[in-house]
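Data first, discussion second: the structure below is written as structure tokens.
In the numbering used here, the protein residues as written are 11 to 376.
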């Protein structure tokens, strides 16, 4: 039985009425964002915190993030769900291609939990040849960490909510799901499912559901009782770490907060919204460079034929046809006095965020 084929573990905590619940996901080893979110949300012992998976990998502080969450969990009001980036206890049971590729993954990524653990023992990850033997050294040195990971549930269920990292399928009881069904599913909100309970997921960045505008805020589908909250922390240059705020375990009067580190400035003049725009994003980012420039290059999106100016450093190669970083030509509707977060400052204008939406501003900032 593979790591994703095993029966899902379900946690059913007793969360009393009157306690606020803060839900976040996809921290991806970024302690700055995580601590920033907890501070902005005012998290305290009077609250419940649910971490809906993928708190490890892709960022640079996996081991530190794991230990921090382990410490928080000892308080009794913090509950973590396993995401597809968190199941590293599987190195002791999983065989086959996944296990065989671990040394390549470690050396290619040069970050992540196993990398951090190896470095923590004073060893060089780049020189380890027989990882299948070496892993037992990790198991002995980091037994508490692996025990914590191996006990994580793949879902948390209450009378009104299910918190799973990636998906829930409505045609079967929650307890009949496999670990993989709950941990791995792209574009869950496009599957057309509806639920009797609220289902809260992360895993798939919310901005990837759009086409012409970029928004990192949680998506709340009230008619189907689905909430998607992955704000692409670490994964996108303009990403944020979202916190869904549930005021009471029996309430669906949701709000949200978020954290990103960008400097905040004031818009000095009104700006109208662009009449048309497009969002080139991961998975569909092939462009043809029509005119390469020092700061910006004029490009055509290969699949759609849409043309826009893209920051030249966002282009992955110097070839005519190349993939690129996520980008948009959307011009935000703004008014003098609006406060915006500045992601990029260029000679032509500013790439900013306003209330979770990313786009361009071509006026002055105070």
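Ideal placement from N, C-alpha and C gives every residue a C-beta, glycine not left out.
- Query: Roughly how many angstroms lie between the CA atoms of residue 178 and residue 252, to the nearest whole one?
  - Reply: The straight-line gap separating the alpha-carbon atoms of residue 178 and residue 252 is approximately 20 angstroms.
- Consult DSSP for residue 252 and reduce its assignment to one of helix, strand or coil. Residue state, collapsed to three classes: strand.
- Item | Backbone CA spacing between residue 364 and residue 351 [nearest angstrom] | Spanning the alpha carbons of residue 364 and residue 351 requires a straight line of approximately 7 angstroms.
- Task: Identify which residue in 348, 367, 368, 19 has its Cα closest to the Cα of residue 183.
- Result: Ranking the options by Cα distance to residue 183, first place goes to 19.
- Message: Please state the DSSP three-state secondary structure of residue 101.
- Response: Under the three-state reduction of DSSP, residue 101 is assigned to helix.
- Counted within 10 angstroms of its Cβ, other Cβ atoms place residue 63 as buried (16 or more) or exposed: Under a 10 Å Cβ-count criterion, residue 63 is classified as buried, with 16 or more other Cβ atoms of the shown protein chains found around its own Cβ.
- Message: Going by beta-carbon coordinates alone, are residue 260 and residue 27 separated by less than 7 angstroms?
- Response: Yes, they are a contact pair.
- Message: Can you tell me whether residue 32 is helix, strand or coil according to DSSP?
- Response: Strand.
- Item | Close beta carbons around residue 185, own chain, < 7 angstroms, minus the five adjacent residues each side | For residue 185, where only same-chain residues beyond five positions count, the Cβ hits under 7 angstroms are 20.
- Message: Looking only at its chain, what residues have a beta carbon closer than 6 angstroms to the beta carbon of residue 31, apart from the 5 residues adjacent to it on each side?
- Response: Cβ within range, chain order: 58, 256.
- Message: So, at 7 angstroms on beta carbons, what are the nonlocal neighbours of residue 119 in its own chain, with the 5 sequence-adjacent residues on each side left out?
- Response: Within the same chain, and ignoring the five residues on either side of residue 119 in sequence, the residues whose Cβ sits closer than 7 angstroms to its Cβ are 125.
- Burial state of residue 89 (16 or more Cβ within 10 Å): So residue 89 counts as buried.
- Query: Measuring CA to CA, which of 339, 248, 343 is closest to residue 306?
  - Reply: Nearest of 339, 248, 343 to residue 306, Cα basis: 339.
- Task: Name the one or two DSSP bridge partners that residue 61 has.
- Result: Beta bridge pairing from DSSP links residue 61 with 34, 90.
- Enumerate in chain order the residues of its own chain whose CB-to-CB distance from residue 367 is below 7 angstroms, with the five nearest sequence positions on each side excluded. Within the same chain, residue 367 has close Cβ partners 223, 224, 225, 342.
- Item | Straight-line gap, residue 375 to residue 128 (C-alpha atoms, nearest Å) | Within the model, the alpha-carbon separation for residue 375 versus residue 128 is close to 46 angstroms.
- Selection from 122, 101, 80, 156 that minimises the alpha carbon distance to residue 141: Checking every option, the nearest Cα to that of residue 141 belongs to 101.
- Inter-stretch contact (C-beta, 8 angstroms, three-pair minimum) for the segment 229 to 244 and the segment 310 to 324: Flag = no, the segment 229 to 244 and the segment 310 to 324 do not touch.
- Could you give the residue range of the beta strand (DSSP E) that holds residue 172? Bounds of the beta strand (DSSP E) holding residue 172 are 171 to 174.
- May I ask you to report which of helix, strand or coil DSSP gives residue 165? Here residue 165 sits in strand by DSSP.
- Start and end residues, beta strand (DSSP E) containing residue 363: Run containing residue 363: 360 to 364, per the beta strand (DSSP E) assignment.
- Task: Give the range of the beta strand (DSSP E) segment to which residue 276 is assigned.
- Result: 274 to 276 is the span of the beta strand (DSSP E), which, as asked, contains residue 276.
- Query: What is the DSSP secondary structure of residue 129, reduced to helix, strand or coil?
  - Reply: Residue 129: helix per DSSP, three-state reduction.
- Residue nearest to residue 61 in terms of C-alpha spacing, selected from 149, 42, 115, 212: Measuring from the Cα of residue 61, the nearest candidate turns out to be 212.
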